[in-house]
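Colleague: Dropping the structure in here first, questions after.
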Amino acid sequence: MTSAASARKNAPIWVRLLLPRDAPLYQRNDAVMGWLMALPALLILTIFLVIPFMMAFVVSFTNQRLISPNPAEWVGFRNFERLLTIRNFTLEPERDDSGAIVYADGEISYPRLREFTRNNPDYPELDGLREFTSWQSGDNRTVILVGDVVFLRALINTLIFAAVIAPLQGGLALLLALLLNQALPFINVFRSIYFAPVVVSMVVVSLLWRFIYDGQNGLLNTILGMITFGNFQPVDWLGNPYTAMPAMIAMSAWQAVGFHMVIWLAGLQTIPVSLYEAAGLDGAGAFQKFRYVTWPGLRNTAVLVLIVITIQAMGLFVQVDVMTRGGPLDATQSVVFQAVQRGYDKQDIAEGAAISVILFVIVFTIAMVQRYLTRERS
Amino acid sequence: MNTMSFETRQNLLTGLRYALLILIAAIFIFPILFMVMSSLKPDLQLLRDSASLRAFLPVGDISLDNYADAFERVPMLQFAFNSVFTTAVSVGASLWLNSMAAFSFAFLKWRGKTIVLSLIIATFIVPFEVIAIPLLLVVNNLPWIGAGGIEIGWLNTYHVQIIPFIADSLGIFLFYQYFRDLPEELIEAARIDGASIWQIYARIIMPIAGPILATVAILKFLVMWNAYIWPLMTIRSEELRPIMVGLQYFFQLNTAWGEIMAYLSVVTIPVLIFYLALQRAFIESIATSGIKG
Numbered sequence: 018m019t020s021a022a023s024a025r026k027n028a029p030i031w032v033r034l035l036l037p038r039d040a041p042l043y044q045r046n047d048a049v050m051g052w053l054m055a056l057p058a059l060l061i062l063t064i065f066l067v068i069p070f071m072m073a074f075v076v077s078f079t080n081q082r083l084i085s086p087n088p089a090e091w092v093g094f095r096n097f098e099r100l101l102t103i104r105n106f107t108l109e110p111e112r113d114d115s116g117a118i119v120y121a122d123g124e125i126s127y128p129r130l131r132e133f134t135r136n137n138p139d140y141p142e143l144d145g146l147r148e149f150t151s152w153q154s155g156d157n158r159t160v161i162l163v164g165d166v167v168f169l170r171a172l173i174n175t176l177i178f179a180a181v182i183a184p185l186q187g188g189l190a191l192l193l194a195l196l197l198n199q200a201l202p203f204i205n206v207f208r209s210i211y212f213a214p215v216v217v218s219m220v221v222v223s224l225l226w227r228f229i230y231d232g233q234n235g236l237l238n239t240i241l242g243m244i245t246f247g248n249f250q251p252v253d254w255l256g257n258p259y260t261a262m263p264a265m266i267a268m269s270a271w272q273a274v275g276f277h278m279v280i281w282l283a284g285l286q287t288i289p290v291s292l293y294e295a296a297g298l299d300g301a302g303a304f305q306k307f308r309y310v311t312w313p314g315l316r317n318t319a320v321l322v323l324i325v326i327t328i329q330a331m332g333l334f335v336q337v338d339v340m341t342r343g344g345p346l347d348a349t350q351s352v353v354f355q356a357v358q359r360g361y362d363k364q365d366i367a368e369g370a371a372i373s374v375i376l377f378v379i380v381f382t383i384a385m386v387q388r389y390l391t392r393e394r395s
Numbered sequence: 013m014n015t016m017s018f019e020t021r022q023n024l025l026t027g028l029r030y031a032l033l034i035l036i037a038a039i040f041i042f043p044i045l046f047m048v049m050s051s052l053k054p055d056l057q058l059l060r061d062s063a064s065l066r067a068f069l070p071v072g073d074i075s076l077d078n079y080a081d082a083f084e085r086v087p088m089l090q091f092a093f094n095s096v097f098t099t100a101v102s103v104g105a106s107l108w109l110n111s112m113a114a115f116s117f118a119f120l121k122w123r124g125k126t127i128v129l130s131l132i133i134a135t136f137i138v139p140f141e142v143i144a145i146p147l148l149l150v151v152n153n154l155p156w157i158g159a160g161g162i163e164i165g166w167l168n169t170y171h172v173q174i175i176p177f178i179a180d181s182l183g184i185f186l187f188y189q190y191f192r193d194l195p196e197e198l199i200e201a202a203r204i205d206g207a208s209i210w211q212i213y214a215r216i217i218m219p220i221a222g223p224i225l226a227t228v229a230i231l232k233f234l235v236m237w238n239a240y241i242w243p244l245m246t247i248r249s250e251e252l253r254p255i256m257v258g259l260q261y262f263f264q265l266n267t268a269w270g271e272i273m274a275y276l277s278v279v280t281i282p283v284l285i286f287y288l289a290l291q292r293a294f295i296e297s298i299a300t301s302g303i304k305g
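Going line by line, the protein sequences match chains A and B.
Here my numbering is used: the first residue of the first sequence is 18, the next is one more, and so on.
Here my numbering is used: the first residue of the second sequence is 13, the next is one more, and so on.
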């Protein structure tokens, strides 16, 4: 036995616990101090990040409420089932005794859905479901039944929001970055202006844009009216189910585009000038330089920008809470808004946690896609 | 044939480029300009002006009446104090705790360090929105030693707005990266001179950590000043409400446009001035957070 190893063996237990196996005993001071200095931050992270994160998974399988006289009970997958059940169901027309289709007011008459979804012993799998959407197929009517109409709407809206804003905001940010990536006088002034909305709170931006989007005195209607010489019919942008989500997307892009512009600029600056010069000597025009020099050099930046925007977009909350509270007609419901509605407003922590877990699974998947796309090719 | 000389064409192109740059700048500036100008106008004029370009000009009946009315309607100074207080304490504490942890990760050897560090980096992909609801349950069951002995539940306090945020994995990681790139000799020389570990941290490393301190401080400042979802769920009383939640509350009182614009301006202009004064640091901090996070 070496003397170092025997000295180690005789040391107090806390030294043996903290000192790396291959470290000499005289470094025990480092080990103890190192542990002590990291401890406060690690404690905070454990209590306020790691534990809540793990609790999200545990609590989502219970019926935990924020304040309740009864202890929580395990309910298995019930919360997830209610949130995620989707079934299609075919309603057949009502027929009279001769087998002919019954019409009422010229329309095919169907049995009422609730006869199947309320305590019908022949259809236990449909119990408690509600209609999400339906369409005609031949004489039959196909109905999509879901466990939670509002949550599914929120999930679809959030995915649409993310799918639209990622290419839109990422693309606009790239155009701005290309425009700014020149040695022109005052170019930094423009960079600072384009970036400014990023430091403005989303709460402020959302309230301000409520006025811009206003149906009567809104600035947007005024400006569109001026541009079209009064031919534009004013729109209540946030009050109309068809324009509310696009309006929210445009505003969110306005607020955050400067952020991603800066990331693109950083990416552009890593491309060596010599590559552009070489391409120029080969007779490449501006577009060809972009296609064959700039774009290949930006590949990892592109993945990063798209993923960052997508993940941020999945957390859509402030805009919804301040501008529309999910309306009109659930057109702007979002996943996080629903998590807060249920977990906080209704104090149903379990259901809020289940929504959080679903959100995490989506975000995690997106992050794994990024790792896959930017992996080192060997 | 092209009759323009090369130089004229270049000048024309540059002119077009500036025209485009200015047009885009207008899209970013005009909403903010509209906010500030509207805050100075009485409601009737504000509505009339928004039908023309007067919306962006300080014309007509200009006064600070909206500000006076807004301050009278809600305790805005109290809200502002709450935000300044929670932000300042969080920024200060997070600079200390994060840098201390990062120092330990970068320079000291202890068992399990590598695993703990990779766990910290792994937490990057957990957005706050995912843990917000279970965190509500956690803080509702935590004890606190108050004036009346031990109390259970942190809801509706200052500390529930501060303590969960005084350490964060991005902050630790940014400090760690910065420390790791410092020359090793710096530490070795100090050790040979007999400096204690604490002295090396406080007297040698922290004084040269200026740039990264600024980055972490700016990021924390923005997060805390703009805090919304968390105080919305945890703060009930007016005396503890931070400024952004107070803004939403103010709006729900269904007050006049001009007063709301005044409130918006009050919470935005200081941040914009702060940003303009330190724009390089701001832009670099946020670019760093985007690239690393």
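Where is the CB? At the ideal position from N, CA and C, for every residue including glycine.
#1: Starting from the C-beta of Asp180(B), find all residues in its chain whose C-beta is less than 8 Å away, skip the five residues before and the five after it, and write them out in chain order.
#2: I need the boundaries of the beta strand (DSSP E) containing Thr107(A), first residue and last residue.
#3: So, using beta-carbon positions, are Phe262(B) and Val86(B) closer together than 7 Å?
#4: Find the residues of chain A that neighbour Ser181(B), judging by a C-beta separation of less than 7 Å, and give them in chain order.
#5: Could you name the residues of chain B that Tyr211(A) contacts, counting a contact when the two beta carbons are closer than 8 Å?
#6: With DSSP collapsed to three states, give me the class of Arg131(A).
#7: For Pro254(B), which residues from the same chain have a beta carbon less than 8 Å from its beta carbon, with the 5 sequence-adjacent residues on both sides left out?
#8: Compare the beta carbon distance of Asn207(A) and Ala289(B) with 7 Å and say whether it is the shorter of the two.
#9: Quick check on Pro214(A): does DSSP put it in helix, strand or coil?
#10: Would Ala55(A) and Leu35(A) be called neighbours here (beta carbons separated by less than 7 Å)?
#11: If you count every other CB in all the chains shown that lies within 10 Å of the CB of Ile177(A), and 16 or more means buried, which is it?
#12: Indicate whether at least one CB of chain A lies closer than 7 Å to the CB of Trp156(B).
#13: What separation, rounded to the nearest whole angstrom, lies between the Cα atoms of Gln264(B) and Gly258(B)?
#14: Roughly how many angstroms separate the alpha carbons of Gln305(A) and Asp73(B), rounded to a whole number?
#15: Quick one: does Asn238(B) have its CB under 7 Å from some CB of chain A?
#16: I'd like the ranges of any alpha helix (DSSP H) spanning at least 4 consecutive residues and lying wholly in the region 204–271 of chain A.
#17: Taking C-alpha atoms, which residue in Ile324(A), Lys363(A) and Gly344(A) lies nearest to Ile379(A)?
#18: Counting only Cβ-Cβ distances shorter than 7 Å, please list the residues of the region 256–279 of chain B near chain A, keeping chain order.
#19: In whole angstroms, give me the CA-to-CA distance for Trp254(A) and Leu185(A).
#20: Is DSSP giving Pro155(B) helix, strand or coil here?
#21: I need the DSSP call for Gly161(B), collapsed to helix, strand or coil.
#22: Going by DSSP, name the residue or residues bridged to Tyr120(A).
#23: Are the C-beta of Leu109(B) and some C-beta of chain A separated by less than 7 Å?
#24: Using the beta-carbon count (16 or more within 10 Å), is Ser115(A) buried or exposed?
#25: Which word fits Met71(A), buried or exposed, when buried means at least 16 other C-beta atoms lie within 10 angstroms of its C-beta?
#26: Could you tell me whether the region 275–283 of chain B touches the region 370–378 of chain A, where touching means 3 or more Cβ pairs closer than 8 Å?
#27: Using only the alpha-carbon positions, how far apart do Lys26(A) and Pro155(B) sit?
#28: Taking only beta-carbon atoms, is Met268(A) less than 7 Å away from chain B?
#29: Could you check if Tyr79(B) is buried or exposed, using at least 16 other CB atoms within 10 Å of its CB as the buried criterion?
#30: For the region 211–227 of chain A against the region 281–294 of chain A, do three or more pairs of beta-carbon atoms, one drawn from each stretch, fall closer than 8 Å, so that the two count as touching?
Modeller: With the structure as the only source:
#1: Cβ neighbours of Asp180(B) beyond the five flanking positions: Ser106, Asn110 and Lys232.
#2: Ile103 to Leu108
#3: yes
#4: Leu62
#5: Ile36, Ala37 and Phe40
#6: helix
#7: Phe91, Asn94, Ser95, Thr98, Gln173, Ala239, Pro243 and Ile247
#8: The sequence as given places Phe at residue 207(A); Asn does not occur at that position. Contact: no.
#9: helix
#10: no
#11: Residue environment for Ile177(A): exposed (fewer than 16 other C-beta atoms within 10 angstroms of its C-beta).
#12: No - not a single Cβ of chain A is within 7 Å of the one on Trp156(B).
#13: 10 Å
#14: 55 Å
#15: Contacts with chain A at 7 Å (Cβ-Cβ) include Asn238(B).
#16: 204–216, 219–229 and 236–244
#17: Ile324(A)
#18: Met256, Leu259, Gln260, Phe263, Trp269, Ile272, Leu276 and Val279
#19: 19 Å
#20: strand
#21: DSSP places Gly161(B) in strand when its eight states are reduced to three.
#22: Ile125(A)
#23: Closer than 7 Å: yes.
#24: With fewer than 16 Cβ atoms within 10 Å of its Cβ, Ser115(A) is classed as exposed.
#25: exposed
#26: Counting Cβ pairs under 8 Å, fewer than three are found: no touch.
#27: Straight-line spacing of the CA atoms in Lys26(A) and Pro155(B) works out to 40 Å.
#28: no
#29: When all chains shown are included, Tyr79(B) counts as buried.
#30: The region 211–227 of chain A, when compared against the region 281–294 of chain A, does not touch it at the 8 Å Cβ threshold.
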